[in-house]
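Chains as they are written, first to last, in our numbering: chain L, 236 to 430; chain W, 34 to 238. For each residue, glycine too, the CB sits at the ideal point set by N, CA and C. What follows is a single structure, written as structure tokens, with notes after it.
Okay, here's the thing in structure tokens:
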């Protein structure tokens, strides 16, 4: 989602303060940044705040972007740090694993026409993922989806690579339990199965 | 003895030991678990991207233009944005309410009065609709993609109108444009309230 080819002209114009160019950059990356925030953080409002904070920093410090890598990856790094700062502030020890009974979010409910089986599987996965603690979600998403290494995750979370590895393993064990039915199923999933 | 989840994940990521790889090659149970771990990662990557519920660009643009210090978040920026709008609208209202100066052209004074009479009810209606909308927004609920799309469309329109209104200076002599924008604002808010009311009614069926 973040690997959009850079447009050097747009970046140059945005660096000079051109608002139209800045908006182009914002429109290009608003969805990836918001999605990242939603996957890592439990509260949607916080994902919106991360979106806002990320772009304020990106657009104000664009002159500092050296262009060593794609702009999208630089933006992603800033967004990840913003989200992780919130998780760190809450403390790693807190077990915020969602209890069974979570309902579908509006995004989950509003997804268009997937075939019933595929939709059910996807909802199942989303529901299971949502039930993980924020730390576990962050590690799984950053490693399995965004492709960060354990060393990079450890650095961003101010932890050790072993911490990242064990969190990933524990999160997958939990996901396995949730997905194989070795848990109390969320009512929304039960309702879909019986309908 | 079967390898641990951590060992299997390391193997999945190309960092596993030869011993684990050898075991997985011979053990159907671990091979199946490896496949499941790959599949979960792949399915997570396949989850759809999510669109922010509201357009944050107008607030962001304002913050960038004004060099506002880093905000604590969208809600805070939204509040700043709303406060600025209220201030600007208030200023224009004060200007419109002021008694005409002695040297003022009587026809200009009449125009001000006419504008005030047109804007007053629209602004009152707008406030009332926003109150109704705030009540709906407080309720969590499930909505269809079509409804979400309609709401997003209307909210985008509202953000554009608000931006235009905020850019109209208090001393601008564009009364027709001002009235048109307020009419548009009321229309969009009415539609938003209607969509939310329908959604609420559907949820109760």
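Exercise. Run the CB neighbour count on residue 361 of chain L, radius 10 Å, all protein chains shown included, and call it buried at 16 or more, exposed below.
Key: Reading the first chain from its first residue, position 126 is the one you call residue 361 of chain L. With 16 or more other Cβ atoms within 10 Å, it is buried.
Exercise. Would you verify that the beta carbon of residue 236 of chain L is, or is not, closer than 9 Å to some beta carbon of chain W?
Key: Position 1 of the first chain, counting from 1, holds the residue named residue 236 of chain L. Output row for residue 236 of chain L: interface = yes.
Exercise. Can you tell me which of the three DSSP states residue 63 of chain W falls into?
Key: Reading the second chain from its first residue, position 30 is the one you call residue 63 of chain W. In the structure shown, residue 63 of chain W sits in a helix (DSSP, three-state: H, G or I).
Quiz item: Given a limit of 9 Å on CB to CB distance, which residues of the region 246 to 262 of chain L reach chain W?
Solution: 252, 254, 257, 258, 261 and 262
Exercise. With 9 Å as the threshold, decide whether the Cβ of residue 380 of chain L is near any Cβ in chain W.
Key: On the first chain, position 145 is the one that residue 380 of chain L refers to. With 9 Å as the cut-off, residue 380 of chain L counts as an interface residue toward chain W.
Quiz item: Whose C-alpha, out of W:150, W:81, W:92 and W:192, is nearest the C-alpha of residue 288 of chain L?
Solution: The residue you call residue 288 of chain L lines up with position 53 of the first chain. Of the candidates W:150, W:81, W:92 and W:192, the one whose C-alpha sits nearest the C-alpha of residue 288 of chain L is W:92.
Practice problem: Counting only runs of 4+ residues fully inside the region 147 to 230 of chain W, write out the alpha helix (DSSP H) ranges in chain order. | Solution: 178 to 200
Quiz prompt | Coarse secondary structure for residue 56 of chain W, derived from DSSP in three states | solution = Reading the second chain from its first residue, position 23 is the one you call residue 56 of chain W. Residue 56 of chain W falls in the helix class under three-state DSSP.
Quiz prompt | Check whether residue 291 of chain L and residue 96 of chain W have beta carbons under 9 Å apart | solution = Indexing the first chain from 1 puts residue 291 of chain L at position 56. Indexing the second chain from 1 puts residue 96 of chain W at position 63. Yes, the pair counts as a contact, with Cβ atoms nearer than the cut-off.
Practice problem: Leaving aside the five residues before and after residue 216 of chain W along the sequence, list all residues of the same chain whose C-beta is less than 7 Å from its C-beta, in chain order. | Solution: Here the question's residue 216 of chain W lines up with position 183 in the second chain. Hits under 7 Å: 155.
Quiz item: Any C-beta of chain L sitting closer than 9 Å to the C-beta of residue 216 of chain W?
Solution: Translated into the one-based positions of the second chain, residue 216 of chain W becomes position 183. Output row for residue 216 of chain W: interface = no.
Practice problem: Enumerate in chain order the residues of its own chain whose CB-to-CB distance from residue 372 of chain L is below 7 Å, with the five nearest sequence positions on each side excluded. | Solution: Here residue 372 of chain L refers to the residue found at position 137 when the first chain is read from its first residue. Here the set comprises 274, 275 and 364.
Practice problem: Determine whether the Cβ of residue 62 of chain W lies closer than 9 Å to any Cβ atom of chain L. | Solution: Counting from one through the second chain, the residue named residue 62 of chain W turns up at place 29. Chain L, which has no Cβ nearer than 9 Å to the Cβ of residue 62 of chain W, makes this no.
Self-check item: Partners in chain L for residue 194 of chain W, counting only beta-carbon separations shorter than 9 Å
Solution: Reading the second chain from its first residue, position 161 is the one you call residue 194 of chain W. What residue 194 of chain W touches in chain L: nothing, since even the nearest Cβ is about 18 Å away.
Self-check item: Beta-carbon spacing of residue 265 of chain L, residue 321 of chain L below 9 Å
Solution: Against the first chain, residue 265 of chain L aligns to sequence position 30. Against the first chain, residue 321 of chain L aligns to sequence position 86. Against a cut-off of 9 Å, the Cβ pair of residue 321 of chain L and residue 265 of chain L comes out as no contact.
Quiz item: Who are the near neighbours of residue 408 of chain L in its chain, counting only those whose CB is closer than 7 Å to its CB and skipping five residues on each side?
Solution: Working through the first chain from its first residue, we reach residue 408 of chain L at position 173. Around residue 408 of chain L: no qualifying Cβ.
Exercise. Measure the CB-CB distance between residue 391 of chain L and residue 383 of chain L and report whether it falls below 9 Å.
Key: Stepping through the first chain from its first residue, residue 391 of chain L is reached at position 156. Stepping through the first chain from its first residue, residue 383 of chain L is reached at position 148. Yes, the pair counts as a contact, with Cβ atoms nearer than the cut-off.
Quiz item: Closest Cβ-Cβ distance between residue 398 of chain L and chain W: below 9 Å?
Solution: On the first chain, position 163 is the one that residue 398 of chain L refers to. Closer than 9 Å: no.
Practice problem: Check whether the region 39 to 52 of chain W touches the region 60 to 71 of chain W, counting contact only when three or more Cβ pairs, one atom from each stretch, lie closer than 8 Å. | Solution: yes
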